[in-house]
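Student: Before I ask anything, here is the structure I am working with.
Residue numbers (this note's numbering), protein chains in the order written: chain A, 24 to 365; chain B, 24 to 365.
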């Protein structure tokens with residue numbers, strides 16, 4: 024009898040790779056294409072501002088500099104990369120991002136990864152920004168984050184001749200705040216990380232090993248895929264059971280704004296971006312998996328199943344783009360001084 | 024009469040490039056060699072720990088990761104690169120570095136550039152560290168900087184299997200704090216920036232233009248070269264007129280320790296590393312030049328001469344090494360949590 028009562032982990036291993044793939048695609052999961060041209064088109068299609076501002080090399084390079092330039096902050100020491108660190112999975116590894124004057128995010132919100140964020144249907148946890156450029160304006164001007172103003176950012180950049188030249192080259196325009204955030208957004212479009220998961224969905228049956236396939240099957244069967252769907256395994260607004268069951272009821276400013284909807288985070292590179300949840304309260308991926316089961320799905324996910332799902336999720340760790348650290352142009356006598364507000 | 028009273032700027036332009044070069048070499052200035060092998064030897068000769076710990080690719084790569092890894096700090100958000108930002112000339116562009124809990128350096132000390140620091144005869148403003156690895160231990164464990172302890176650093180790194188593997192590969196050893204600082208120091212050895220100044224000293228007479236040569240001549244004639252000498256145009260301990268004339272008497276913790284001696288900063292990349300002086304009180308390079316003239320040399324440097332010296336100093340802005348931003352290995356369940364101490 025004991026031999027017949029196979030666990031779902033064991034059962035999953037009987038499934039053929041081709042069946043699993045069909046099931047995944049039927050569930051709405053989408054792969055990043057292997058082909059670079061197709062990938063570029065997918066990125067464009069996911070960027071509401073791509074028609075107005077197509078991706079060009081000059082814009083990517085400019086956006087990269089801005090992304091790494093701490094002078095966009097009031098203090099001069101916080102850049103986009105401080106909280107969305109490209110070396111740390113595109114996040115910062117702490118529960119709530121810490122900004123100007125060492126202030127924790129007042130809503131105790133965890134910084135989401137910037138990798139693959141172009142594929143989120145909306146940006147911010149509450150989905151209040153339609154695209155990456157609109158998101159970039161937020162932290163830059165939030166008092167407890169980079170604490171800048173659009174005027175401060177534009178004035179600083181205008182005081183640096185290399186930036187004046189680069190905006191002219193990239194946008195045929197003087198510097199303005201919309202172009203600053205647009206350039207950053209265009210750089211962020213490039214931060215996509217194809218993984219073995221994509222290879223598998225694209226038809227390479229051996230791209231995932233047996234244990235990863237088993238975990239993938241459980242991930243689908245348990246219903247995780249209901250919210251963690253599409254090309255980003257997340258990134259769309261979903262109903263969020265704050266009121267009823269979610270154990271961190273005080274996690275955000277999105278409750279009112281989004282009518283109880285919240286952006287399910289992408290699961291790509293999830294292995295790299297602990298701590299988890301909107302308030303970064305959970306450090307263990309296994310615990311996060313089990314909690315989501317009980318809270319969002321109303322089911323029990325066993326330790327063994329959670330381990331198995333975790334093994335699958337690690338196959339979503341992608342190939343990071345090679346990023347040459349940008350050398351930033353020197354400030355001039357006209358550049359406004361950093362304000363540390365000690 | 025007016026036509027005969029030529030300024031020293033105009034006079035300098037009569038000097039042949041070859042004479043100027045001879046004078047520079049006689050003054051004790053030394054070029055970075057054009058040849059990579061000779062440069063590597065010069066770096067080794069400048070590294071007191073190079074015999075015990077030769078430079079290898081594995082050590083450079085490991086050291087680079089550590090340099091950029093904010094998990095070496097107590098908070099998990101401050102790395103070596105925060106205050107010695109390789110995109111900002113190897114410094115941070117603020118008067119006094121701001122560390123854990125947004126604390127300004129209690130001695131109001133400006134972060135010196137890490138570029139070419141291997142050629143400083145001693146490290147720190149007061150010269151209390153003999154080499155780069157010894158320096159690296161300081162900020163990491165200073166309460167108002169990265170606020171770590173050697174134990175915290177080693178425990179965090181030991182909890183991350185990729186680091187365990189990389190230390191084994193690089194040093195054939197378990198992780199210990201000496202090897203952490205040694206690896207960072209070895210990475211820093213590579214941060215050298217050959218410039219047009221070096222090409223000129225190496226015999227390319229056209230590497231500097233007429234105005235730069237004129238400024239160079241004034242730089243030598245005025246005596247700037249007395250302290251800003253050797254391969255780094257600085258980087259050695261010099262008597263410092265704190266007691267008598269220097270207008271920033273409260274600038275450091277080096278007064279007692281170093282018997283009134285202070286490390287003259289390198290002038291390489293000086294254009295990129297405002298604000299200037301030990302306390303970062305002066306933002307304008309011209310003002311810094313004039314102040315050093317009156318305070319350290321007891322002479323008046325005219326506006327025109329200071330401009331001319333400034334033009335020369337910008338020829339010291341070097342070719343920055345290409346640095347691929349390192350992707351850092353993921354933390355694990357065993358990694359100790361960041362402590363923000365809000």
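Ideal Cβ positions, reconstructed from N, Cα and C, are used throughout, including at glycine.
In angstroms with no decimal places, state the Cα-to-Cα distance between residue 54 of chain A and residue 202 of chain B.
Tutor: Here residue 54 of chain A is taken as the residue at index 31 of the first chain, counted from 1. Here residue 202 of chain B is taken as the residue at index 179 of the second chain, counted from 1. If you take the alpha carbons of residue 54 of chain A and residue 202 of chain B, they lie about 42 Å apart.
Student: Give a yes or no on whether 9 Å exceeds the smallest Cβ distance from residue 100 of chain B to chain A.
Tutor: Here residue 100 of chain B is taken as the residue at index 77 of the second chain, counted from 1. Closer than 9 Å: yes.
Student: Using the beta-carbon count (16 or more within 10 Å), is residue 183 of chain B buried or exposed?
Tutor: Within the second chain, numbered from 1, the residue matching residue 183 of chain B stands at position 160. Label assigned to residue 183 of chain B: buried.
Student: What does a CB cutoff of less than 6 Å around residue 215 of chain A pick up in its chain, not counting 5 residues either side in sequence?
Tutor: Counted from its first residue, the first chain places residue 215 of chain A at position 192. Excluding residues within five positions, the ones whose Cβ falls inside 6 Å are 139.
Student: Could you check where the alpha helix (DSSP H) with residue 284 of chain B kicks off and where it finishes?
Tutor: Counting from 1 along the second chain, the entry for residue 284 of chain B is found at position 261. Not the alpha helix (DSSP H): residue 284 of chain B falls in the beta strand (DSSP E), residues 284-286.
Student: Please go through the same chain and pick out, in chain order, the residues whose beta-carbon is closer than 6 Å to the beta-carbon of residue 128 of chain B, but skip the five residues on each side of it.
Tutor: Stepping through the second chain from its first residue, residue 128 of chain B is reached at position 105. The answer, listed in chain order, is 119 and 120.
Student: Taking the C-alpha atoms as reference points, what is the distance between residue 104 of chain B and residue 349 of chain B?
Tutor: As a first step, residue 104 of chain B is located in the second chain; it is residue number 81 there, counting from the start. As a first step, residue 349 of chain B is located in the second chain; it is residue number 326 there, counting from the start. For residue 104 of chain B and residue 349 of chain B, the distance between alpha carbons rounds to 12 Å.
Student: Which residues share a DSSP beta bridge with residue 152 of chain B?
Tutor: Taking the second chain and counting its residues from 1, the one referred to as residue 152 of chain B is at position 129. Note: residue 152 of chain B sits in a beta bridge opposite B/146.
Student: Looking at chain A, is there any beta carbon in it that lies within less than 9 Å of the beta carbon of residue 91 of chain B?
Tutor: Along the second chain, one-based indexing puts residue 91 of chain B at 68. Cβ-Cβ to chain A under 9 Å: yes for residue 91 of chain B.
Student: Measuring straight from C-alpha to C-alpha, what distance separates residue 351 of chain B and residue 92 of chain B?
Tutor: The residue you call residue 351 of chain B lines up with position 328 of the second chain. The residue you call residue 92 of chain B lines up with position 69 of the second chain. Their Cα atoms are separated by approximately 7 Å.
Student: If you pair each beta-carbon of the segment 39-58 of chain A with each one of the segment 215-231 of chain A, do three or more pairs fall below 8 Å?
Tutor: Contact holds: three or more Cβ-Cβ distances are below 8 Å.
Student: Around the Cβ of residue 331 of chain B, are there at least 16 other Cβ atoms within 10 angstroms (buried) or fewer (exposed)?
Tutor: Counting from 1 along the second chain, the entry for residue 331 of chain B is found at position 308. By the 10 Å Cβ count, residue 331 of chain B comes out buried.
Student: Using 10 angstroms around the beta-carbon of residue 217 of chain B, count the other beta-carbons present and answer buried if the total reaches 16, otherwise exposed.
Tutor: Within the second chain, the letter at position 194 stands for residue 217 of chain B. When all chains shown are included, residue 217 of chain B counts as buried.
Student: Give a yes or no on whether the C-beta atoms belonging to residue 97 of chain A and residue 156 of chain A are separated by under 9 Å.
Tutor: Walking along the first chain from the start, residue 97 of chain A turns up at place 74. Walking along the first chain from the start, residue 156 of chain A turns up at place 133. Result no, Cβ atoms of residue 97 of chain A and residue 156 of chain A do not sit closer than 9 Å.
Student: Taking DSSP's pairing of strands, which residues face residue 121 of chain A in a bridge?
Tutor: For the purposes of this step, residue 121 of chain A is taken as residue 98 along the first chain, with counting starting at 1. In DSSP, residue 121 of chain A forms a bridge with A/127.
Student: On the three-state DSSP scale, how would you describe residue 321 of chain B?
Tutor: Here the question's residue 321 of chain B lines up with position 298 in the second chain. Reduced to three states, the DSSP call for residue 321 of chain B is coil.
Student: Just to make sure I have the definition right: I need the residues of chain A whose C-beta is within less than 7 Å of the C-beta of residue 121 of chain B. Which are they?
Tutor: By 1-based counting over the second chain, the position of residue 121 of chain B is 98. Near residue 121 of chain B (Cβ distances below 7 Å), the residues of chain A are 100 and 363.
Student: Comparing alpha-carbon positions, which option in B/74, B/337 and B/292 lies nearest residue 137 of chain B?
Tutor: In the second chain, counting from the first residue as 1, residue 137 of chain B sits at position 114. Measuring from the Cα of residue 137 of chain B, the nearest candidate turns out to be B/292.
Student: Any idea what DSSP makes of residue 253 of chain B, helix, strand or coil?
Tutor: To locate residue 253 of chain B, count along the second chain from 1; it is residue 230. Residue state, collapsed to three classes: strand.
Student: The segment 342-355 of chain A: which residues have C-beta closer than 7 Å to a C-beta of chain B, in chain order?
Tutor: Cβ contacts with chain B come from 343, 345, 346, 347, 348, 349, 350, 351, 353 and 354.
Student: Under the DSSP definition of a beta bridge, which residues are partnered with residue 261 of chain A?
Tutor: Here the question's residue 261 of chain A lines up with position 238 in the first chain. Looking at the DSSP assignment, residue 261 of chain A forms a beta bridge with A/285.
Student: Taking 7 Å as the limit between beta carbons, can you name the residues of its chain near residue 242 of chain B, skipping five residues before and five after?
Tutor: For the purposes of this step, residue 242 of chain B is taken as the residue at position 219 of the second chain. Once the five neighbours on either side are set aside, the close Cβ partners of residue 242 of chain B are 248, 332 and 335.
Student: Does any residue of chain A bring its CB to less than 9 Å from the CB of residue 165 of chain B?
Tutor: Within the second chain, residue 165 of chain B is the residue found at index 142, counting from 1. It does not; no Cβ of chain A falls within 9 Å.
Student: Rounded to the nearest angstrom, what separates residue 319 of chain A and residue 123 of chain B at their Cα positions?
Tutor: By one-based count along the first chain, residue 319 of chain A stands at place 296. By one-based count along the second chain, residue 123 of chain B stands at place 100. Distance between the alpha carbons of residue 319 of chain A and residue 123 of chain B is about 37 Å.
Student: What's the C-alpha gap between residue 328 of chain B and residue 309 of chain B?
Tutor: The sequence position of residue 328 of chain B within the second chain is 305, counting from 1. The sequence position of residue 309 of chain B within the second chain is 286, counting from 1. Cα-Cα distance, rounded: 9 Å.
Student: Does DSSP put residue 336 of chain A in a helix, in a strand, or in coil?
Tutor: Here residue 336 of chain A is taken as the residue at index 313 of the first chain, counted from 1. Helix at residue 336 of chain A.
Student: Nearest chain B C-beta to residue 83 of chain A closer than 9 Å, yes or no?
Tutor: Start at 1 with the first residue of the first chain, and residue 83 of chain A comes out as number 60. Chain B contact via Cβ: absent.
Student: How big is the Cα-Cα spacing for residue 67 of chain B and residue 77 of chain B?
Tutor: Start at 1 with the first residue of the second chain, and residue 67 of chain B comes out as number 44. Start at 1 with the first residue of the second chain, and residue 77 of chain B comes out as number 54. Spanning the two alpha carbons is a distance of roughly 8 Å.
Student: With 9 Å set as the bound, which would you pick, yes or no: does the beta-carbon of residue 127 of chain A sit closer than that to a beta-carbon of chain B?
Tutor: For the purposes of this step, residue 127 of chain A is identified with residue 104 of the first chain, where counting begins at 1. So, interface residue.
Student: Let me make sure I understand the geometry here. Which of B/134, B/192, B/344 and B/204 has the alpha-carbon closest to that of residue 154 of chain B?
Tutor: Taking the second chain and counting its residues from 1, the one referred to as residue 154 of chain B is at position 131. Checking every option, the nearest Cα to that of residue 154 of chain B belongs to B/204.
Student: Closer than 9 Å, CB to CB, is residue 105 of chain B near chain A or not?
Tutor: As a position in the second chain, residue 105 of chain B is number 82, starting the count at 1. Yes, its Cβ sits closer than 9 Å to a Cβ of chain A.
Student: Does the Cβ of residue 39 of chain B have 16 or more other Cβ atoms within 10 Å, making it buried, or fewer, making it exposed?
Tutor: Indexing the second chain from 1 puts residue 39 of chain B at position 16. The residue is exposed, with fewer than 16 neighbouring Cβ atoms inside 10 Å.
Student: Can you look up residue 108 of chain B in the DSSP assignment and give me helix, strand or coil?
Tutor: Here residue 108 of chain B refers to the residue found at position 85 of the second chain. Here residue 108 of chain B sits in strand by DSSP.
Student: Return helix, strand or coil for residue 348 of chain B, following the three-state DSSP convention.
Tutor: Here the question's residue 348 of chain B lines up with position 325 in the second chain. Residue 348 of chain B: coil per DSSP, three-state reduction.
Student: Counting only Cβ pairs nearer than 7 Å, list the residues of chain A close to residue 134 of chain B.
Tutor: What you label residue 134 of chain B is simply residue 111 of the second chain in a count that begins at 1. Simply none; closest approach about 11 Å.
Student: What residues in its chain sit with their C-beta under 7 Å from that of residue 261 of chain A, if we drop five residues either side in the sequence?
Tutor: Within the first chain, numbered from 1, the residue matching residue 261 of chain A stands at position 238. Closer than 7 Å at the Cβ level, and outside the excluded window around residue 261 of chain A, lie 250, 284, 285 and 287.
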